[in-house]
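Sequential numbering of the first sequence, starting at 26, is according to this note's numbering. Where is the CB? At the ideal position from N, CA and C, for every residue including glycine.
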Amino acid sequence: MLINIIRKKIWEGIKSIDLKSPPKSKIIVEYPKHKKFGDYATNIALSLSKKYKINPMTLAQKLAVSLSSDELFSKVNAEKPGFINFYISKKYLQNALKEINKQKVQYGSNLQIGKGKKVLIEFVSANPTGPLNVVNARAAAFGDSLANIFSALGFYVEREYYINDAGNQIDLLVESVESYLNIIANIDIEELDEGYKGEYIFDIAKQILEIEGPSFFNQTKTEKYKRIKDFALNSILIDQKRALDRFRVRFDNWISESELRQKGSIEDLLTYLSETGNIYDKDGAVWLSSSKFGDVKDRVIMRTDGSVTYIIPDLAYHITKYKRGFDKIIDILGPDHHGHIAKLKAGISILGYKASAMSFILLQQVNILANHKITKMSKREGNIITLQDLINEVGTDVARFFFLTRKPNTPLDFDIELAKKQSSENPVYYVQYAHARICSIKRMAISQGIKLHKFKKEYLMRLIHDTEIEIIRHLIKFPELIVHIGASNDVNLLTTYLTELASLFHSFYQKYKVINPKHKELSLARLYLCKAVRVVLFNGLNLLGISAPTKM
RNA sequence: GCGCCAGUAGCUCAGCAGGAUAGAGCAACGGCCUUCUAAGCCGUAGGUCGGAGGUUCGAAUCCUCUCUGGCGUGCCA
Numbered sequence: 026m027l028i029n030i031i032r033k034k035i036w037e038g039i040k041s042i043d044l045k046s047p048p049k050s051k052i053i054v055e056y057p058k059h060k061k062f063g064d065y066a067t068n069i070a071l072s073l074s075k076k077y078k079i080n081p082m083t084l085a086q087k088l089a090v091s092l093s094s095d096e097l098f099s100k101v102n103a104e105k106p107g108f109i110n111f112y113i114s115k116k117y118l119q120n121a122l123k124e125i126n127k128q129k130v131q132y133g134s135n136l137q138i139g140k141g142k143k144v145l146i147e148f149v150s151a152n153p154t155g156p157l158n159v160v161n162a163r164a165a166a167f168g169d170s171l172a173n174i175f176s177a178l179g180f181y182v183e184r185e186y187y188i189n190d191a192g193n194q195i196d197l198l199v200e201s202v203e204s205y206l207n208i209i210a211n212i213d214i215e216e217l218d219e220g221y222k223g224e225y226i227f228d229i230a231k232q233i234l235e236i237e238g239p240s241f242f243n244q245t246k247t248e249k250y251k252r253i254k255d256f257a258l259n260s261i262l263i264d265q266k267r268a269l270d271r272f273r274v275r276f277d278n279w280i281s282e283s284e285l286r287q288k289g290s291i292e293d294l295l296t297y298l299s300e301t302g303n304i305y306d307k308d309g310a311v312w313l314s315s316s317k318f319g320d321v322k323d324r325v326i327m328r329t330d331g332s333v334t335y336i337i338p339d340l341a342y343h344i345t346k347y348k349r350g351f352d353k354i355i356d357i358l359g360p361d362h363h364g365h366i367a368k369l370k371a372g373i374s375i376l377g378y379k380a381s382a383m384s385f386i387l388l389q390q391v392n393i394l395a396n397h398k399i400t401k402m403s404k405r406e407g408n409i410i411t412l413q414d415l416i417n418e419v420g421t422d423v424a425r426f427f428f429l430t431r432k433p434n435t436p437l438d439f440d441i442e443l444a445k446k447q448s449s450e451n452p453v454y455y456v457q458y459a460h461a462r463i464c465s466i467k468r469m470a471i472s473q474g475i476k477l478h479k480f481k482k483e484y485l486m487r488l489i490h491d492t493e494i495e496i497i498r499h500l501i502k503f504p505e506l507i508v509h510i511g512a513s514n515d516v517n518l519l520t521t522y523l524t525e526l527a528s529l530f531h532s533f534y535q536k537y538k539v540i541n542p543k544h545k546e547l548s549l550a551r552l553y554l555c556k557a558v559r560v561v562l563f564n565g566l567n568l569l570g571i572s573a574p575t576k577m
């Protein structure tokens, strides 16, 4: 990456100037906000000036002079307070296209970063009590794209979905279905007040009756419970998977809570916890001393009735993540799991695992706006907008892009009406259109006998206009951006980046003609530039899980 | 009460690995299709970055306080 090359050169420059001892501080190289300050800039002279008691400007000038002979730069300037601004030479930029077009789908990848380290990303993990909602959709888009980015950075990534198929909410689900069964069969007309109420519950009840017939009711209570539970869970999970599939999200692992419980992991965990001496009895319940490990207070882990609270199976589950040897464990959580993080971290520390290997990304809520008013959704009440609905309304590409333009921890108002109405003005189309345009140009070029295999690298000199150079400048930042996102999890920066690239390209398209049979060399050079833009648009969209159409 | 998140243009939001004149999209206004797709381009207008202090050569960005909104703070998951 260019940014690292520059860092290295600055470092060498510093050594060549006789400072008493070379500095240990990191060399920060950044993109200046304004073009007139060059392509890259460093504040190293400012940050070193204090330590060495030198005037920052003097130091900057010295460094600038020593670096300006490098052919990578057309100019190296020292500026006002003590910045050093680097202007990349046109020749370097022109030649950078070769690298992009050579690497193609690999461009932007950087396998050296992850070096095969194992990353586990758990996301969505919705309760199997109903269809996926819009927060789940946001999590799906975000988690999947983040996983794509980690893969591009050379990590070994697994996407994981944890199925909470045990606990109170499952009992409630079964009771809800049962009440509908009774209603359909005229055994009872009362709807369950506290139960889940969506149409899907009704459908499940109907299907059970269709399959089992009236003899269903002859079974014992426990038999019926098991029948309903198995059928309902299966049906809901299939539905969730189908929706995720349409959303282009595939999980590597589906981990079932009840299976974990069956394997005895809860008992093992409880035994281990009591051995560590971090649990105690109080008020007839068993408590975890989580407050000693950063939680705001101690938590009940076993109720007076002997059942365990949610934290225990979840902790048991998280231990498997460590045991499976992941170096980096990422949980993407919904807003309601906010209070859960401290407990989990405390538990992990108590058990002697490194809590620092875990990171939690909290997604804020998604409000659905209808008639410009927020509609409160509740799975219990069955009035949710599902992922399926969302895909039907706006499509996978739009929905994914929309979710990914926001950083995770800002709440997101999703105006369905607007998204539908403005679908032709949506930024995703803007980016996709740039891609489609390039494909269109390519088709036209071929039809006019201008073929890229006749391109020669000497033609690159013909790319001299600001707009052209500007595009290349942007293109070479792509790998740097992907690395940055891998470190910061700021997936939203990629959507911004692609929008900027599309904007530069549209501008170029408007200003210059690519195909001109009278100027074959120029045409081929521009075609080559287009190709590189297409590579980056394609790879970027691909990382976001969004299609790159060749025609629109 | 305590904790977390947010507060930036009329609206929705970027920017917050401290940097040099705070950005985009939508909405508004004015232009551009005989030429590779107008789902596009060019231009105009719009801001004391919630407020007050502090750290720094330098703060939208870091720290403290404060106001507003959301969420969490279950022997629910």
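Give me the Cα-Cα distance between Lys-100 and Ile-496, rounded to the nearest whole angstrom. Locating residue 100 in the first sequence gives position 75, counting from the first residue. Locating residue 496 in the first sequence gives position 471, counting from the first residue. Cα-Cα distance, rounded: 19 Å.
State buried or exposed for Phe-175, treating a residue as buried only when at least 16 other CB atoms are found within 10 Å of its CB. One-based indexing of the first sequence puts residue 175 at position 150. By the Cβ neighbour-count rule, Phe-175 is buried, with 16 or more other Cβ atoms within 10 Å of its own.
Would you identify the three-state DSSP class for Phe-180, choosing helix, strand or coil? Residue 180 sits at position 155 when you count from the first residue of the first sequence. Correct three-state label for Phe-180: coil.
Given a cut-off of 8 Å, decide if Tyr-181 and Lys-142 are closer than it, judged by their beta-carbon atoms. Taking the first residue of the first sequence as position 1, residue 142 is located at position 117. Taking the first residue of the first sequence as position 1, residue 181 is located at position 156. A contact, by the Cβ cut-off of 8 Å.
Cutoff 7 Å; reference Ile-507; Cβ partners in own chain excluding five residues on either side: Taking the first residue of the first sequence as position 1, residue 507 is located at position 482. Excluding sequence neighbours, Ile-507 sits near Gly-133, Asn-135, Ile-174, Ala-177 and Leu-178.
For Val-202, which residues of its own chain have a beta-carbon under 7 Å away from its beta-carbon, when the five flanking residues on both sides are left out? In the first sequence, counting from the first residue as 1, residue 202 sits at position 177. Only Ile-226, Ile-229, Ala-230, Ile-253 and Ala-257 meet the Cβ criterion.
If you check the beta carbons only, do Phe-272 and Thr-421 fall under 8 Å apart? To locate residue 272, count along the first sequence from 1; it is residue 247. To locate residue 421, count along the first sequence from 1; it is residue 396. Closer than 8 Å, so yes.
Inspect the beta-carbon positions of Ala-380 and Lys-353 and report whether they are closer than 8 Å. For the purposes of this step, residue 380 is identified with residue 355 of the first sequence, where counting begins at 1. For the purposes of this step, residue 353 is identified with residue 328 of the first sequence, where counting begins at 1. No, they are not a contact pair.
Taking only the alpha-carbon atoms, compute the straight-line gap between Thr-83 and Glu-525 and give it to the nearest angstrom. Here the question's residue 83 lines up with position 58 in the first sequence. Here the question's residue 525 lines up with position 500 in the first sequence. Taking the straight line joining both Cα atoms gives about 36 Å.
Could you tell me whether the Cβ atoms of Glu-147 and Glu-185 are closer together than 8 Å? Your numbering for residue 147 matches position 122 in the first sequence. Your numbering for residue 185 matches position 160 in the first sequence. The answer is yes: Cβ separation under 8 Å.
Examine the Cβ distances between the segment 160–175 and the segment 119–129 and report whether three or more of them are shorter than 8 Å. no
Determine the extent of the beta strand (DSSP E) in which Phe-98 is found, giving its start and end residues. On the first sequence, position 73 is the one that residue 98 refers to. From DSSP, the beta strand (DSSP E) with Phe-98 extends over 98–104.
Could you check where the alpha helix (DSSP H) with Tyr-579 kicks off and where it finishes? Any question about residue 579 goes unanswered here, given that the chain covers just 26 to 577.
At what residues does the alpha helix (DSSP H) containing Ser-513 begin and finish? To locate residue 513, count along the first sequence from 1; it is residue 488. Counting along the chain, the alpha helix (DSSP H) containing Ser-513 begins and ends at 503–513.
Evaluate Phe-328 with the Cβ neighbour count: other Cβ atoms within 10 Å of its Cβ, from every protein chain shown; 16 or more gives buried, anything less gives exposed. As a first step, residue 328 is located in the first sequence; it is residue number 303 there, counting from the start. Just to set this straight, residue 328 is Arg in the shown sequence, not Phe. Residue environment for Arg-328: exposed (fewer than 16 other C-beta atoms within 10 angstroms of its C-beta).
Tell me the rounded alpha-carbon separation between Met-469 and Ser-548. What you label residue 469 is simply residue 444 of the first sequence in a count that begins at 1. What you label residue 548 is simply residue 523 of the first sequence in a count that begins at 1. Cα to Cα, Met-469 sits roughly 12 Å from Ser-548.
By the three-class DSSP mapping on this structure, what secondary structure does Lys-353 have? Indexing the first sequence from 1 puts residue 353 at position 328. Reduced to three states, the DSSP call for Lys-353 is strand.
Exposure label - Phe-351; buried when at least 16 CB within 10 Å: Here the question's residue 351 lines up with position 326 in the first sequence. Burial call: buried.
Thinking C-alpha only, which one of Ser-528, Leu-554 and Val-321 is nearest Ile-540? Translated into positions along the first sequence, residue 540 becomes position 515. It is Leu-554.
Do the segment 385–393 and the segment 429–438 meet, that is, are 3 or more Cβ pairs less than 8 Å apart? yes
Answer yes or no: do Leu-639 and Leu-519 have a C-beta to C-beta separation smaller than 8 Å? Look at the range of the chain in this structure, 26 to 577, and you will see that residue 639 is not part of it.
Rounded C-alpha distance that separates Thr-430 from Ser-528: By 1-based counting over the first sequence, the position of residue 430 is 405. By 1-based counting over the first sequence, the position of residue 528 is 503. Rounded to the nearest angstrom, the two C-alpha atoms are 16 Å apart.
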